[in-house]
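Taking it in order: structure first as structure tokens, then the write-up.
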Amino acid sequence: MNKNLRWKILLIVAVIGLSVWSFYPPGTKVNLGLDLKGGVHMVMRVRTDAALRIETETAVERLRETLATAAIQYAKLEVTNPTDFVVEGIQNDQAFRQAAVDVDTVFARSSGAGSYTYTMRPNVAAQLREEAVTQALQTIERRVNELGVAEPIVARQGAVDQILVQLPGVSDVARAKEVIRSTALLELKLVEQGPFPTQEAAMQAVNNVMPPDMMVVSGSQDVAATGGGTPGTVYYIVRRVAPVTGRDLRNSRPTLDENNLPAVSFTFNQDGARRFGQFTEQNIGRSLAVILDNRVFTAPTIQSRIADEGRITGSFTQQEAQDLSLVLRTGALPAPMDFLEERTVGPSLGQASIEAGVKASIGGLVLVVLFILFYYKLTGLNAVISIVVNLIILLGMMAYLGATMTLPGIAGFILTIGMGVDSNVLIFERIKEELATAKGVRAAVNAGFDRVWWTIVDTHVASLIAAMFLFQFGTGPIRGFATTLTIGLLSNVFTAVFVSRTVFEIVLARRGQAQTLSI
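Numbered according to the numbering used here, the sequence shown spans residues 2 to 520.
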């Protein structure tokens, strides 16, 4: 055996060995998708109108403050729908237009007699809708990743405002749904009055006319605050505009309060810490409401200037504290979510899919082996070796790259068997043509591989282009199929040409000057 052939054999053995090491044992090293492992499949819709309303309400509150600072009188300033608001009873139109110049960049203004109607510009509305879906997608992806789900899928699907979420291996479906859909909007607002036992009592405190810059928010009263009695719902009158929100957070983590009960601590970023420090310094002795999703969790008294840290206490379990810190840490959703579809795949169904896929693969391989041995005789063993090595390399590469095996991925395995046979058929038929010209066996084999090489390259490049398009524009299972197909095509070039040719060289080296070939 010459030195060149020995190195080829060592290379093939090394590749097979590394591949087996990469995927063995397959139960722990091969990632399984939702359809094989079981888990949760959900399709959600982002309420983009809610995101537009938030932008409109924010613009209204800023305008209200601007008008109050400039002492401009008006009779009415309110939001009429997610993209519109009206201002009525303006006494000084020129002063108003100067004060509202910033609003004009986002809203188109139409004026009447002492009144103005503002409508969000279509390009701004379209951009805000797109940003809301993108931000929701990124936030959900961060939350899912922190849940510790292996190989989750979070992607857009169908309509522009729909998001697909697949969580393989998730057993606590209720917790996953709650973590994903929780808006988790944290606001720190100054308490003007309260707590009150009822909402009516809160309204009576302001003579049933709520000032436009204030609002009523409900919350749970502490057991400690009730003297050890049963906690109940109370109501606070708070400022409408929050000096800092969850968007100013740098981090959050579960912790314990002074009574060793679960709580959540958080820290602000640099800008948030500066604003919060100024705010608390100016309001020492007053109550600060910690509001999460429009509900007061606690309302402590500001004892001194607070720079960059805070804590949320309440009736938390340890799991609830962990989940709350998770959603705060990953950011608030820009808008509420609606669940359009929810489907749970049980582990037993996934196992049945694996067994069916394995049976289909083995069945296809057996039929291919029988045909190729019948048609190409002993040379067919060469093709069988090539196909088996191809499948080993394919499985090893998928495990090494961390790719997810799905049911369409198993279909990619079966297709790879067909592609391997196709390449070997091209080579074998070319060898038969060369033998028909009365060339020697060795010369015919070399000519067969050399002349078929570019044909194999052309067919595989064309298939790779199709696989790239599937991966780029497909979602979920389609990408799984494209991944398996891509790796299978690349490994097939190696096995059909390099491995198959090496096997021929080994056989011919053992037979010396062979005169015939079983093909």
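Heads up, the beta-carbon is just placed ideally off N, CA and C, and yes, glycines get one too.
Legend entry - Complete alpha helix (DSSP H) runs within the segment 47-110 (minimum length 4 residues, chain order): Runs found: 49-70, 94-100.
Inset, instruction - With THR460 as the anchor, note down where its alpha helix (DSSP H) starts and where it stops. - result: One-based indexing of the sequence shown puts residue 460 at position 459. Segment 442-474, the alpha helix (DSSP H) holding THR460.
Inset, instruction - Return the chain-ordered ranges of every alpha helix (DSSP H) run that is complete within the segment 407-445 and spans a minimum of 4 residues. - result: Qualifying alpha helix (DSSP H) stretches, in chain order: 408-437.
Inset, instruction - Go through its chain and collect everything with a Cβ distance to VAL31's Cβ below 8 Å, but skip five positions before and after it. - result: Within the sequence shown, residue 31 is the residue found at index 30, counting from 1. In the same chain as VAL31, and ignoring 5 residues on each side of it, the C-beta atoms closer than 8 Å to its own belong to PHE24, LEU396, MET399, ALA400, MET406, in chain order.
Legend entry - Euclidean distance between Cα positions of SER354 and ILE307: Within the sequence shown, residue 354 is the residue found at index 353, counting from 1. Within the sequence shown, residue 307 is the residue found at index 306, counting from 1. Approximately 57 Å, taken between the alpha carbons.
Legend entry - Beta-bridge partners of GLU342, as assigned by DSSP: Numbered from 1 along the sequence shown, position 341 holds the residue referred to as residue 342. DSSP lists VAL44 as partners of GLU342.
Inset, instruction - With a cut-off of 8 Å on the beta carbons, I'd call ILE411 and ALA497 a contact; round off their distance for me. - result: Reading the sequence shown from its first residue, position 410 is the one you call residue 411. Reading the sequence shown from its first residue, position 496 is the one you call residue 497. That belief does not hold up - the Cβ atoms of ILE411 and ALA497 are roughly 21 Å apart, past 8 Å.
Inset, instruction - Rounded to whole angstroms, what's the CA-CA distance from SER424 to GLY475? Just pull it up for me. - result: Locating residue 424 in the sequence shown gives position 423, counting from the first residue. Locating residue 475 in the sequence shown gives position 474, counting from the first residue. Cα to Cα, the separation comes out at about 27 Å.
Inset, instruction - Consult DSSP for GLU188 and reduce its assignment to one of helix, strand or coil. - result: Stepping through the sequence shown from its first residue, residue 188 is reached at position 187. Residue state, collapsed to three classes: strand.
Legend entry - For MET211, the three-state DSSP class (helix, strand or coil): Counted from its first residue, the sequence shown places residue 211 at position 210. Assignment of MET211 by DSSP, reduced to helix, strand and coil, places it in the coil class.
Legend entry - Residues near TYR203 in its chain [Cβ-Cβ closer than 6 Å; skip 5 each side]: Within the sequence shown, the letter at position 202 stands for residue 203. Note that residue 203 corresponds to Ala in the displayed sequence, not to Tyr. Excluding the 5 residues flanking it on each side, ALA203 has same chain C-beta neighbours closer than 6 Å at PHE197, VAL217, TYR236, ILE238, in chain order.
Inset, instruction - Round the Cβ separation of LEU35 and GLN167 to the nearest angstrom and send it over; I've been treating them as touching at under 8 Å. - result: In the sequence shown, counting from the first residue as 1, residue 35 sits at position 34. In the sequence shown, counting from the first residue as 1, residue 167 sits at position 166. About 5 Å; that satisfies the 8 Å criterion.
Inset, instruction - Verify whether the separation of the beta carbon atoms of ALA100 and ALA71 is less than 8 Å. - result: In the sequence shown, the residue the question calls residue 100 occupies position 99. In the sequence shown, the residue the question calls residue 71 occupies position 70. Result yes, Cβ atoms of ALA100 and ALA71 sit closer than 8 Å.
Legend entry - N-terminal and C-terminal residue of the alpha helix (DSSP H) that THR29 is part of: Locating residue 29 in the sequence shown gives position 28, counting from the first residue. 27-30 is the span of the alpha helix (DSSP H), which, as asked, contains THR29.
Inset, instruction - Look at the alpha carbon of HIS461 and the alpha carbon of LEU490, and state the distance between them as a whole number of angstroms. - result: Numbered from 1 along the sequence shown, position 460 holds the residue referred to as residue 461. Numbered from 1 along the sequence shown, position 489 holds the residue referred to as residue 490. A straight-line Cα-Cα distance of about 6 Å links HIS461 and LEU490.
Inset, instruction - Could you tell me the distance, in whole angstroms, from the CA atom of SER288 to the CA atom of ALA156? - result: Along the sequence shown, one-based indexing puts residue 288 at 287. Along the sequence shown, one-based indexing puts residue 156 at 155. Between SER288 and ALA156, the C-alpha separation is close to 43 Å.
Inset, instruction - With a cut-off of 8 Å on the beta carbons, I'd call TYR117 and ILE91 a contact; round off their distance for me. - result: Here the question's residue 117 lines up with position 116 in the sequence shown. Here the question's residue 91 lines up with position 90 in the sequence shown. So it is a contact: roughly 7 Å between Cβ atoms.
Inset, instruction - Mind checking which residues open and close the beta strand (DSSP E) that includes GLN163? - result: Stepping through the sequence shown from its first residue, residue 163 is reached at position 162. Segment 163-169, the beta strand (DSSP E) holding GLN163.
Inset, instruction - Name the two residues that bound the continuous alpha helix (DSSP H) containing THR380. - result: Here residue 380 is taken as the residue at index 379 of the sequence shown, counted from 1. Start and end: 380-402.
Inset, instruction - Whole angstroms is fine: what's the gap from GLN320's alpha carbon to ILE303's? - result: In the sequence shown, residue 320 corresponds to position 319, counting from 1. In the sequence shown, residue 303 corresponds to position 302, counting from 1. Spanning the two alpha carbons is a distance of roughly 28 Å.
Inset, instruction - Take the Cβ of VAL458 as the centre, count every other Cβ of all protein chains shown within 10 Å, and call the residue buried at 16 or more, exposed below. - result: Residue numbering aside, residue 458 sits at position 457 when the sequence shown is read from its first letter. By the neighbour-count rule (16 or more Cβ atoms within 10 Å), VAL458 is not buried but exposed.
Inset, instruction - Whole angstroms is fine: what's the gap from ALA225's alpha carbon to ILE292's? - result: As a first step, residue 225 must be located in the sequence shown, where it is residue number 224. As a first step, residue 292 must be located in the sequence shown, where it is residue number 291. Because the pLDDT of ALA225 is 35, which lies under 50, any placement of that residue in the model is unreliable, and the question is left without a value.
Legend entry - C-alpha distance - ILE73 paired with THR140, whole-angstrom precision: Your numbering for residue 73 matches position 72 in the sequence shown. Your numbering for residue 140 matches position 139 in the sequence shown. Rounded to whole angstroms, ILE73 to THR140 spans 40 Å at the Cα level.
Inset, instruction - Use the C-beta contact count for TYR377: other C-beta atoms within 10 angstroms, 16 or more gives buried, fewer gives exposed. - result: To locate residue 377, count along the sequence shown from 1; it is residue 376. By the beta-carbon neighbour count (other beta carbons within 10 angstroms, threshold 16), TYR377 is buried.
Inset, instruction - Confirm, please, whether the CB-CB distance from ILE418 to VAL385 is below 8 Å. - result: For the purposes of this step, residue 385 is identified with residue 384 of the sequence shown, where counting begins at 1. For the purposes of this step, residue 418 is identified with residue 417 of the sequence shown, where counting begins at 1. At least 8 Å separates the beta-carbon of VAL385 from that of ILE418.
Legend entry - Residues near LEU488 in its chain [Cβ-Cβ closer than 7 Å; skip 5 each side]: Position 487 of the sequence shown, counting from 1, holds the residue named residue 488. The sequence shown places Ile at residue 488, rather than the Leu named in the question. Once the five neighbours on either side are set aside, the close Cβ partners of ILE488 are LEU395, MET398, MET399.
Legend entry - Under the three-state DSSP convention, the category LEU138 falls into: Taking the first residue of the sequence shown as 1, we reach residue 138 at position 137. If DSSP states are grouped into helix, strand and coil, LEU138 belongs with the helices.
Inset, instruction - Kindly indicate which residue of ASP309, VAL174, ILE507, VAL446 has the alpha-carbon position closest to the one of SER253. - result: As a working mapping, residue 253 is identified with position 252 in the sequence shown. Each of ASP309, VAL174, ILE507, VAL446 was checked against the Cα of SER253, and the nearest Cα belongs to ASP309.
Inset, instruction - Name the two residues that bound the continuous beta strand (DSSP E) containing SER266. - result: In the sequence shown, residue 266 corresponds to position 265, counting from 1. Per DSSP, the unbroken beta strand (DSSP E) holding SER266 starts and ends at 263-269.
Inset, instruction - List the residues that DSSP assigns as beta-bridge partners of ARG157. - result: As a first step, residue 157 must be located in the sequence shown, where it is residue number 156. DSSP, once it has assigned bridges, lists ILE164 as partnering ARG157.
Inset, instruction - Would you list the one or two residues that DSSP bridges to PRO255? - result: The residue you call residue 255 lines up with position 254 of the sequence shown. Answer by DSSP bridge pairing, in chain order: VAL265.
Legend entry - Close beta carbons around GLY228, own chain, < 7 Å, minus the five adjacent residues each side: Against the sequence shown, residue 228 aligns to sequence position 227. For GLY228, the predicted model reports a pLDDT of 36, less than 50, meaning its position is unreliable; a value from the coordinates is still stated below. For GLY228, same chain residues with a beta-carbon under 7 Å away, outside a window of 5 residues either side, do not exist.
Legend entry - Nearest candidate by alpha-carbon position, reference LEU11, set LEU518, ILE507, ILE520: Counting from 1 along the sequence shown, the entry for residue 11 is found at position 10. Nearest to LEU11 by alpha-carbon distance, out of LEU518, ILE507, ILE520, is ILE507.
Legend entry - Rounded C-alpha distance that separates LEU19 from VAL44: Looking up residue 19 in the sequence shown gives position 18. Looking up residue 44 in the sequence shown gives position 43. Whole-angstrom Cα-Cα distance: 39 Å.
Inset, instruction - May I ask you to list the residues that DSSP assigns as paired with VAL320? - result: Start at 1 with the first residue of the sequence shown, and residue 320 comes out as number 319. Per the sequence presented here, residue 320 reads as Gln, with Val not at that position. GLN320 is not bridged to any residue.
Inset, instruction - Classify LEU6 as helix, strand or coil using the three-state DSSP reduction. - result: Walking along the sequence shown from the start, residue 6 turns up at place 5. In the structure shown, LEU6 falls within a helical segment according to DSSP collapsed to helix, strand and coil.
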